[in-house]
Amino acid sequence: MWQDKERLDDLARDEKAMIQLYTQAVLESGSPKLQQDLVSLLNGAIQSLSLVTGEMETRGWSTSTVADGGSVQNLLSKYQGEQTQLAQEMTQAQDQLAQQGAPQTEIQA
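Quick note on the UniProt record's numbering: the sequence shown kicks off at 1 and runs consecutively.
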């Protein structure tokens, strides 16, 4: 799986594109279920990029030239920030719903 740096670059680029498309669709839908799925997806992306970063560092490859000119570390930080922000927004939305008497669902960030 970790055969060459170009393959890792492709994996990071694919992951980035998938998350961007899915995030846009989820935010447009306003669906709490899809938002929960997005938090899970972001958690998976964070884990995947952490593995990619670790493998690149193990092989002595630079982590600063991947994903369309950005760095793996920057992409990882971005996903972590997005995940945290989305979890906060979902918690606020649930608080508002609770004040209106709606049932709550569990959010795991």
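For every residue, glycine included, the Cβ atom is placed at its ideal position computed from N, Cα and C.
Span of the alpha helix (DSSP H) around residue i
i	result
SER40	32-58
Residue from the options whose Cα sits closest to the Cα of residue i
i	options	result
ASN43	ILE19, LEU11, ASN74, THR91	ILE19
LEU76	LYS33, LEU21, ALA45	ALA45
LEU11	THR53, GLN85, GLN24	THR53
Residue i classed as buried or exposed, judged by whether at least 16 other C-beta atoms fall within 10 angstroms
i	result
GLN104	With a pLDDT of 48 at GLN104, under the threshold of 50, the modelled position of this residue cannot be trusted, and the question is left open.
GLN73	exposed
GLN35	buried
THR58	exposed
ALA17	exposed
THR91	exposed
LEU86	buried
Contact under 8 Å by Cβ, residue i with residue j
i	j	result
GLU15	LEU49	yes
residue 173	VAL39	With the chain covering 1 to 109 only, the question about residue 173 has no answer from this structure.
Whole-angstrom distance between residue j and residue i, CA atom to CA atom
i	j	result
GLY60	GLN47	20 Å
VAL26	LEU41	11 Å
TYR79	THR23	11 Å
ASP37	SER31	10 Å
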